[in-house]
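Some notes on the structure that comes next.
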Amino acid sequence: DTAVSQTPKYLVTQMGNDKSIKCEQNLGHDTMYWYKQDSKKFLKIMFSYNNKELIINETVPNRFSPKSPDKAHLNLHINSLELGDSAVYFCASSQDFSTDTQYFGPGTRLTVL
Amino acid sequence: GDSVTQMEGPVTLSEEACLTINCTYTATGYPSLFWYVQYPGEGLQLLLKATKADDKGSNKGFEATYRKETTSFHLEKGSVQVSDSAVYFCALSVHNQGGKLIFGQGTELSVKP
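Each protein sequence line maps, in turn, to chains A and B.
Quick note on numbering: the first sequence equals residues 1 to 113 in my numbering.
Quick note on numbering: the second sequence equals residues 1001 to 1113 in my numbering.
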């Protein structure tokens, strides 16, 4: 059973397009996150949601819009894609937003041409 | 601000060699500390964690001790295997900051037979 799943695994698109990445967790967790991993493998948090409410927005451009239809899903929509958006995006979840262990999805590799 | 610094990689070892990956942190609060591992093409998995000073986290032969006096959380293993080849991330999470993980830059480990 997959705990945290993401779709798609790979996404190749042209500059200026709009795309979405979906994330689902079946762990019954309250909190979900998006992280970005750049080409040097550096990981940085983008957003976190707790029970469908935004609790962290780490100065991410407003072209990135997360949406949480329920606490098991956190999708990431990106408008007007730029070359610098190319990265691996990881979804994660945790029981709550204390300092609990986070469980990561397999990642979505986004390539903007 | 809060930050994590890891020793630079890549680290190349022969099978059965001893491993130490240094990690030091700066935090305004009282953090929990984590080591995550990323195998090629996969997401991150929690390797071990420690939530208070002098705690020792351990898993799969890896150990790390939370040293508040030196603000360190070095990862150690007495005898590495080829299957340990991966990227290792040290991370911290501070209470009341929405659960976000702050990662070090990652250390790539390659173990040769």
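For every residue, glycine included, the Cβ atom is placed at its ideal position computed from N, Cα and C.
In the displayed model, Asp-85/A falls within a helix according to three-state DSSP.
The contact set of Gly-28/A on chain B, defined by CB atoms closer than 7 Å, is empty, because the minimum CB distance reaches about 16 Å.
Taking all protein chains in view, the Cβ of Tyr-1030/B is surrounded by fewer than 16 other Cβ atoms within 10 Å, so the residue is classified as exposed. Gly-105/A and Val-4/A do touch by the CB rule: their CB atoms are close to 4 Å apart, below 8 Å. Under DSSP, Val-4/A takes part in a beta bridge, and its partners are Gln-25/A. For His-77/A, the enclosing beta strand (DSSP E) covers residues 73-78.
Here the alpha carbon of Ser-98/A sits roughly 19 Å from the alpha carbon of Tyr-1025/B. The three-state secondary structure of Asp-38/A, taken from DSSP, is coil. Pairing Val-1087/B with Lys-41/A, the inter-Cα distance amounts to about 9 Å. Leu-43/A is bridged by DSSP to Gln-37/A. Contacts between Leu-1075/B and chain A, judged by CB atoms closer than 8 Å, are missing: the closest CB pair is about 16 Å apart. Around Gly-1043/B, the beta-carbon contacts reaching into chain A at under 7 Å are Phe-90, Phe-104, Gly-105, Pro-106 and Gly-107.
DSSP, reduced to helix, strand and coil, places Ser-1083/B within a helical segment of the structure shown.
Two segments are said to touch when three or more pairs of C-beta atoms, one from each, lie closer than 8 Å; by this definition the region 80-97 of chain A touches the region 14-32 of chain A.
According to the DSSP assignment, Arg-109/A belongs to the beta strand (DSSP E) that extends over 108-112.
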